[in-house]
Amino acid sequence: MLDDDFSVYPASASSALRVFELYEELKRHLKPKDIAVRKGAGESEAAFLLRTAITAGEESPALFRKNERANPFLTAAWLSIIKNTARATALKGVVEPFRAPSDEDLRRLVGYSTDVRNLSRLPTILAEQYGIILVVERALPAMRTDGCVLTLTTGAPVIGISLRYNRYDNFWFTLMHEMAHICLHYDHLSTPILDDLDQEDDGEVEIEANRLAVDMLVPRNIWRKMVLQRGSESHLTTYARQAGVHVAIAAGLLRHREKNYAMYSDLVQSIDVAQELGIEG
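The sequence shown begins at 177 in our numbering and counts up by one.
Given below as structure tokens:
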């Protein structure tokens, strides 16, 4: 266990001031009901806010201002909850040393998508097979973040998923996008990456992660056939089976490519991810 993997009171006056400012902003922006479902058993609202502010103070304020559409304080709070949950998970000793997944590993992971019941198994699978900590934490109102990825000081990668869109295709694309960051950009993840997948990001890092995520979800030779015969649900089901991916995920990828969100709407809305995971709110 490393001391700097756990929140401690800031030593310098400037960092203490930063934590105080964050505490006040979090108190102003977080609703009591949002705090109530996230604070620990027996933890006071003030203690939760302070713990969250201390963790948020570890990051540069600029990190939370990159997305001009988002509330930076709610984003900071959400990321802090992800980090604190991941640190608690690491402390339990259930996470194996990190092993970088291969393309074959990623395709095997995608195979779990064909059975919705595997959703609840994913944190254990990732922790035991690859040393990756997965935290699913519902988005706070006015957030514009689908997921994040970072490393703890131990080197353990952490993926956070917000269920901003409570759909199966969004969950799996976010997961594979963050897994792609781990495979491609691990050495740079001491600074968290916050992903708003609604924004078209033409930066090389995001383009690489998007490309690998799509390639792992649906191999290119099958993807080309899907695109050519889009609109036919029977063809989509056949190609999804060939790709070893749930048909709702294939449908979501096609909707995004075509920017036609009326396509396959019943299909992509058919699975309530939060309900499957037993997550409230």
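Each residue gets a CB set at the ideal place from its N, CA and C atoms; glycine is no exception. What you are looking at is a predicted structure, and each value in this text was computed from that prediction instead of being measured.
Asked, Found
"Where does P317 land, buried or exposed, given buried means 16+ other C-beta within 10 angstroms?", "exposed"
"Given Y306, which residues of its chain have a CB within under 6 Å of its CB, disregarding the five upstream and five downstream residues?", "R275, P277"
"For the beta strand (DSSP E) containing T327, name the first residue and the last one.", "323-327"
"Would you call R214 buried or exposed, if buried means 16 or more other Cβ atoms sit within 10 Å of its Cβ?", "buried"
"Do you know offhand how far S191's Cα is from G233's?", "7 Å"
"Hey, quick one: how far does the beta strand (DSSP E) through P333 stretch, first residue to last?", "333-337"
"Put I308 into one of helix, strand or coil per three-state DSSP.", "coil"
"Residues bridged to L370 by DSSP?", "C324"
"For E304, which residues from the same chain have a beta carbon less than 7 Å from its beta carbon, with the 5 sequence-adjacent residues on both sides left out?", "E272"
"So, helix, strand or coil for S410, using DSSP?", "helix"
"Do the region 347-360 and the region 314-328 touch if we need at least three Cβ pairs shorter than 8 Å?", "yes"
"Please determine if the region 251-259 and the region 333-347 are in contact, where contact requires at least 3 C-beta pairs separated by less than 8 Å.", "yes"
"What is the DSSP secondary structure of N294, counted as helix, strand or coil?", "helix"
"Under a three-way DSSP split, which group does F274 fall into?", "coil"
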